[in-house]
Amino acid sequence: MRESFGKGSGPVKLRSHLVLLVLATLLPLVAFAALSVFLFTRQEQRAIERGLVETVRALAVAVDRELRASISTLEALAVSRAIDATDLRTTTAEMARILLTQPYWRQLTLVEASGRIVAHTAAPPGALLPSAGDREYFRRVLESGQPHVSDLLEERVAHQPAIVVAVPVLRDRRVAFVLGAAVDPAALNEIFRLQGVSADWTGAILDRRRTIIARSRAAERFIGRRATGVLAARAAESPEGSFWDVTQEGRPSFGAFSRSAASGWTIVLGMPADAMLLPLRRSSWAVTGGAVVLVGVGVGLALLLGRRIARSIEALTSSAQALGRGETPPPLPSAVEEVRQVGRALERAGTLLVERRRESERAEERFRGLVNDVDAIVWEAEAATARIVFISQRVEEKLGYPVSRWMEEPGLWASIADGDDREEARRRFAEASTVPGHHDFEYRASTADGRAVWLRNIVSCLAGPDGRPRRLRGVTVDVTARKLAESRLLAETEAVDTVNRLGQILSAELDVRKLLQAVTDAATHVAGAEVGAFFHDAADERGAGHSLFAISGAPREAFAHLPMPRSTDLFGITYRGEGVVRLDDVRLDPRFGRNAPYQGMPPGHLPVTSYLAVPVVSRSGDVLGGLFLAHSRPAVFTEREERIVVGLAAQAAVAIDNARLYERAQHAREEAEQANRLKDEFLATLSHELRTPLNAVLGWTRMLQGGRLDAGTAAHAVDVIRRNAEAQVQLIEDLLDVSRITTGKLRLDPRRLEVPDVVREALDALHPAAAARSIELTSTVLPGCRPVSGDADRLRQVAWNLVSNAIKFTPRGGRVEVLVRPADEHVEIVVSDTGRGIPPDVLPHVFDRFRQADSTSTRAHGGLGLGLALVKHLVELHGGTVSAESAGEGQGATFTVRLPPIEPRPAALATATGPPAGTDASLAGVRVLVVEDDADALEMFTRLLEAHGADVRGVPSAAGALAALEAWRPDVICSDIQMPGEDGYTLVRRLRALGDERATIPAVAVTAYGRVEDRIRILDAGFQFYVPKPVEPAELVAAVGSLASRVPRS
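So the sequence shown is residues 2 to 1051, counted in our numbering.
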């Protein structure tokens, strides 16, 4: 129902009808006259338009004639032999002579096919001129071999607007040059003057881009501007035509245009709009004046006649008003017969009206009794105004508003609708009042005492005889109970659907972040909360705290400025997993806001009244976090919501456990893959680094063996072999040091030493390498450095590795600085460079073994990636620390070694320092059988033991060893483990199973297997000693001597 159904127009007086009748008679005559004037004027305009088009065509012919004259002159010059790139002075002079004959030519240019300007009348021969290769006219002439006229452009030498007329210069039937003349646009302006264009008319020439290149009026202001939008659009649509537009000066005009077929330019001629419209205006004023006179005379006559008729009508009106008041109208005397008949009819109608009013009052009493007994609100209203004409007393009981208010306020039905439904209610009532038929709709409303109710309106729109809506009759029913039942059913259905969807997600998703977000969204939706959040345990510097993991119903930024909740009296119940907390109004709970600094709700926090918190506990009993739900209204969460959210939390805990197990498995697999990848990269690098120096050694060795090198080249070859052998030795020593560190066999020879002296010795060895790369190597020693206890060779190796590494990664001209300084009673060695720096992702792993920032085949620096790992292990064996810093790639790097003073002696150094390397021992008379499948190793072991006086026999296999034992009995057996055929384990087992005195011969295992389980297996097999490869000679000699001393010899 609307507040207002619209207002009809008021009644028209009789005199007005007579005036309208006169006007209806005169208007066709006036219209015919106006049409005749319009057609005549239109004919005149068309004649003017045809004249304009003819004039424009003539202008186009004049423009084409002018351009053809320029082209002819250029073509005559182009065939002249004076145009020759070999004699530029003659060519330029001839072009200048022709230029003098053309008053509107500014300059002539001769351009090669490459675009280079070889001759220019405005520049001396040989002057550096810009290229013309990008000019469109130049490309057109080259491609077509035909003359071409450009659009308006700016000369690149004189920097003035011009039009270029260009022709090809043919040599041997090909375009060798392009000859161009820069024409002043003023030449085209002259055409308008010669053609006699009127001073108040506007002529213009547009190029192919619709740019003005000539204009009869104010040419200097508008040349180079774009044509107006209307003209540009019309010229693009058609080669010829007319148009209405506003000139560049802002004056209305009518014009015509025609496009030149030769140049593609558009010639435009416009005349003032007043000249075109003046005939029409004169005729229009004449017709208007005649029409006003005729209408004035007709209206005066109509008013005079209407006054006589109006008196009878006014008397008839008084009778009708009396009838409306329930009175019997008096007799109506009138000179008009029709009026007297109406008066008699009104008198009879008055009598009938009194009788029917009485019957209506009785029927209305019966109707009111009926509708007041129905448990619904029955009402009736006017369709046009929405005014209530009847409403049952039940409305006061149902809605609390008095009947008088409904009668006084049209549209009250829509006004009491809830804010969210009000516009829709207005729309439905308006539809019901304008569309005849039945309408049924529901909406939420508020009673007088503020209760929210659902109302169903069943409205019938009744139309009058003319088909227009007249009455609205409706029944309004309170359907609040049904709506609540439907809402509960829908909520339960949505809850089941949400739980089912969440179950599918939890069973399939393994990303913890996505899982917790899905759980938080589902709990927020099912519980009807405004905001839901999942917090997980996270300790901060103040103790136990919790971090926001997932948020639903509010942006994460809303919590960015707020402190995270801690294990306070209220929140701690959830974080400790003690149970569920559900509060109708959290602000009234005594546990809320008791713990500083959280006295109440933090400023800017989202409003929280209803509160529900459920702990999420894993299968092992660990509290994973808590689900927190909030609503600004009180008592939103019931036992139902609590039960559902508890179930969701249990499902979430299981899914999180599964996801974390999957993440740990994924992480373990990635670590294994990374380790395997690093191993493969290291092996590939090791192969490359070992083969590279061997390539030079073998190559120069074979050249020396060939005997065809002179003395100088031979000396160079020996030097190359020496340097590459030293490089090979360094690589092998690094590998051996790493092996010793891994197996725990690296020994130190600690002594009292001065760190500056050790660093200085290392730098002395590196100064040549730095000088060879033009790198400035400086060192600074600050006073106060205390002595340290350490192995001088190993600390020298630390300094050498750090400085050589800095030199390697510093470009030529760079700088490497070494600083030795005291720091908190420790001694620090600081090595900094201006090199390539260390990427942030590599910096945490810079001391890892086999780890390099660039391990690809295109890396710029060699090495195995062991140097910094050795530095770290050696420094830690001395009880110190080493660290690396870098601002990023290209920012250099700084390495700092920190060593403890000599007192107290570091525990790490004490445990790592074993007995010194084995002392020299004599093996005179000791018989040793060496079993080794590698020929070089077998020879080395044999010579080593023989050098110490032993009687040595070597065999390459286990079978050879057993055969040798048949004829010769050694005091000690030294055997490799991994051998083809039978290995060392099999050999020693067979030896111990012989059952005679040979079974007691002691044996030493010499092998590269160094794990703890390998050593146990070796001793279980029957070996007495274990010497790891690479072998320390003194250690092998000591082991053999120790075993030999236990065996009595004859």
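Virtual Cβ for every residue (Gly too), placed ideally from N, Cα, C. Note that the coordinates shown come from a computational prediction; the quantities given were computed from them, not determined experimentally.
For residue i, the nearest candidate out of the options (CA to CA)
i       : options                         : result
Val817  : Pro971, Val832, Ile389, Gly420  : Val832
Leu129  : Leu571, Arg117, Glu137          : Arg117
Ala1006 : Pro1029, Arg557, Glu998         : Pro1029
Val513  : Glu383, Ser923, Met408, Arg661  : Arg661
Ala321  : Leu207, Val298, Arg345          : Arg345
Gly1042 : Pro126, Glu398, Ala1004, Ile808 : Ala1004
Ala534  : Ser780, Glu356, Pro591, Pro616  : Pro616
Ala1045 : Asp984, Leu754, Arg970          : Arg970
Asn373  : His949, Arg363, Glu398          : Glu398
Arg797  : Val759, Ala807, Leu778          : Val759
Glu1033 : Gln979, Ala938, Phe1024, Leu992 : Ala938
Pro788  : Leu803, Leu778, Glu826          : Glu826
Ala530  : Pro635, Lys515, Ser434, Thr448  : Pro635
Glu144  : Ala123, Ser115, Pro125          : Ser115
Gly700  : Val655, Ile459, Ile722          : Ile722
Thr1008 : Leu1037, Ala237, Gly982         : Leu1037
Ala936  : Pro957, Leu111, Arg423, Ala528  : Pro957
Check whether residue i and residue j have beta carbons under 9 angstroms apart
i       : j      : result
Ala524  : Leu625 : no
Val931  : Cys975 : yes
Ala446  : Asp421 : no
Ala61   : Leu109 : no
Pro169  : Ile72  : no
Ile1052 : Leu371 : This structure cannot settle anything about residue 1052, because the visible part of the chain is limited to 2 through 1051.
Arg140  : Val165 : no
Glu761  : Ser780 : In the sequence under discussion, the amino acid at residue 761 is Arg, which differs from the Glu named in the question. Yes, the pair counts as a contact, with Cβ atoms nearer than the cut-off.
Ala120  : Leu154 : no
Gly891  : Thr811 : no
Val184  : Trp106 : yes
Val581  : Val647 : yes
Arg260  : Glu241 : yes
Ile224  : Glu67  : no
Leu400  : Ala431 : no
Gly196  : Ala219 : Here residue 196 is Gln; the residue named in the question, Gly, does not match the sequence. Result no, Cβ atoms of Gln196 and Ala219 do not sit closer than 9 angstroms.
Ser611  : Leu584 : yes
Ala228  : Ile213 : yes
Rounded Cβ spacing between residue i and residue j (contact assumed at less than 8 angstroms)
i      : j      : result
Pro131 : Arg157 : 5 angstroms
Asn190 : Ser151 : So it is not a contact: roughly 18 angstroms between Cβ atoms.
Leu207 : Thr267 : 4 angstroms
Phe258 : Val269 : 5 angstroms
Phe896 : Val876 : Not really, about 10 angstroms apart at Cβ, beyond 8 angstroms.
Tyr444 : Glu425 : 6 angstroms
Arg452 : Ala384 : That pair is no contact at about 30 angstroms.
Ala555 : Leu517 : Not confirmed; about 16 angstroms, so no contact.
Ser869 : Gly881 : The amino acid at residue 869 is misidentified as Ser; the sequence shows Leu. Going by Cβ atoms, the distance from Leu869 to Gly881 rounds to 15 angstroms, so no, they are not a contact pair.
Ile808 : Leu767 : 7 angstroms
Gly251 : Thr203 : Actually they do not touch by this definition, with Cβ atoms about 12 angstroms apart.
Chain-order list of residues whose beta-carbon lies under 6 angstroms from that of residue i (same chain, five-residue window excluded)
i       : result
Tyr986  : Ala1022
Arg813  : Arg774, Ser775
Ile1019 : Ala1006, Tyr1027
Ala97   : Thr122
Ala1074 : Given a span of 2 to 1051 for the chain in the structure shown, any question on residue 1074 remains unanswerable.
Val247  : Pro253
Beta carbon proximity, residue i to chain B, threshold 9 angstroms
i      : result
Glu877 : In the structure shown, chain B does not exist; there is a single protein chain.
7 angstroms CB neighbourhood of residue i in its chain, flanking five on each side removed
i      : result
Ala888 : Gly838
Val454 : Ala446, Thr448, Asp479, Thr481
For residue i, the residue or residues it bridges with in DSSP
i      : result
Leu900 : Val828
Gly791 : Arg752
Arg445 : Trp455
Gln108 : Ala183
Val379 : Val476
Cys462 : Gly438, Leu473
Ile268 : Ile206, Ser259
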